[in-house]
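Please read the structure below before turning to the comments.
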Amino acid sequence: MTEQYTVALAGNPNTGKSTLFNSLTGMRQHTGNWAGKTVLTAEGHFNHEGTSYKMVDLPGTYSLYSNSADEEAARDYIIFEKPDVTLVVLDATSLERNLNLALQVMEMTNRVVVCINLMDEAKRLGVKIDINAIEKKLGVPAVAISARHRTGIDQMMEKIRGVASGKIVPAPLLVQYNEDIEEKIAALEPIIREKLGTSFPTRWIALRLLDGDESLINSMRSRWNSPVADTVKGVVSYGHTACH
85 MTEQYTVALA GNPNTGKSTL FNSLTGMRQH TGNWAGKTVL TAEGHFNHEG TSYKMVDLPG
145 TYSLYSNSAD EEAARDYIIF EKPDVTLVVL DATSLERNLN LALQVMEMTN RVVVCINLMD
205 EAKRLGVKID INAIEKKLGV PAVAISARHR TGIDQMMEKI RGVASGKIVP APLLVQYNED
265 IEEKIAALEP IIREKLGTSF PTRWIALRLL DGDESLINSM RSRWNSPVAD TVKGVVSYGH
325 TACH
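Heads up, the sequence shown is in this note's numbering, so the first residue is 85 and it goes up one at a time.
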């Protein structure tokens, strides 16, 4: 039986994310709207070396803090749909700015591959990037590509398949916050784990609760039945108490 994996494609606007999506999926794609939102979604299919992939092109965003419908749609897909891999596309000429999104995704899931695109443009500008150093620092597979020229695609797919199949187990770098916040996270995580189980990123949810992210709570309520929604309310109440 042919293996099938789902890959979510995340990245800032203008990183060449859609170019990569179109290059891989060709005409085997369709567009629509995210459920309950006016935000467009694109989904495509392709095969690579005997493995079948569904690729979902998430809205281009600078963060996943639910400041817009685009950010909410991207965030919700990663959290609730649980793709086999989230491929974060970065612009090789603006790595520092782009890494913010990568770090946020890495707080949400460990099934991450970092794809540094526009290497042809970086070379033209004299920018040199140490992929091995980035991979070691971030704790997730990283690969350099040029989607426009289709260079590095085989290496990228090898790492995607490795993570999707479980042969590669990333250990993402997690941002460490000040002592006060870390103490509150530590207090919240066991409560979240008890109420929601282990299939959700408890640390990330704790951070969002501490930040008072009502849109995440609304997304949880819209997807789950009333008893679970009541559980969410209890966790939120605890989170709000921990904030003060």
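Virtual Cβ for every residue (Gly too), placed ideally from N, Cα, C. Fair warning: this is a prediction, and the values are worked out from it, not measured in the lab.
### Task
Use the C-beta contact count for PHE164: other C-beta atoms within 10 angstroms, 16 or more gives buried, fewer gives exposed.
PHE164 comes out exposed.
### Task
Have a look at ILE237, ALA217, ARG159, LEU93 and flag the residue whose alpha-carbon is nearest the alpha-carbon of GLU191.
Looking only at ILE237, ALA217, ARG159, LEU93, the smallest Cα-Cα distance to GLU191 is reached by ARG159.
### CA nearest to the CA of GLN239, picked from ALA226, ASP204, THR99, ALA248
Selection ALA226, ASP204, THR99, ALA248 evaluated against GLN239 yields ALA226 as nearest (Cα-Cα).
### Task
Could you please give the first and the last residue of the uninterrupted alpha helix (DSSP H) stretch that includes GLY246?
From DSSP, the alpha helix (DSSP H) with GLY246 extends over 237-249.
### Message
Using C-beta distances below 6 angstroms, list every residue in its chain close to SER299, excluding the 5 sequence neighbours before and after it, in chain order.
### Response
These residues qualify, in order along the chain: SER150, GLU156.
### Message
For a quick check, are the C-beta atoms of THR170 and VAL196 less than 7 angstroms apart?
### Response
In contact: THR170 and VAL196 (Cβ atoms closer than 7 angstroms).
### Message
With distance defined between alpha-carbon atoms, name the residue in VAL247, LEU294, THR286, LYS220 nearest to TYR89.
### Response
It is VAL247.
### Cβ neighbours of ARG292 in the same chain (closer than 6 angstroms, five flanking residues each side left out)
Within the same chain, ARG292 has close Cβ partners LEU300.
### Message
Three Cβ pairs or more, each shorter than 8 angstroms: is that satisfied between the segment 197-209 and the segment 95-102?
### Response
A contact between stretches requires three or more CB pairs, one per stretch, nearer than 8 angstroms, and the segment 197-209 meets this requirement with the segment 95-102.
### Message
Which same chain residues end up closer than 6 angstroms to ALA255 when comparing Cβ atoms and leaving out the 5 residues on each side of it in sequence?
### Response
Cβ contact annotation for ALA255 (same chain, cutoff 6 angstroms, sequence separation greater than five): GLY223, in chain order.
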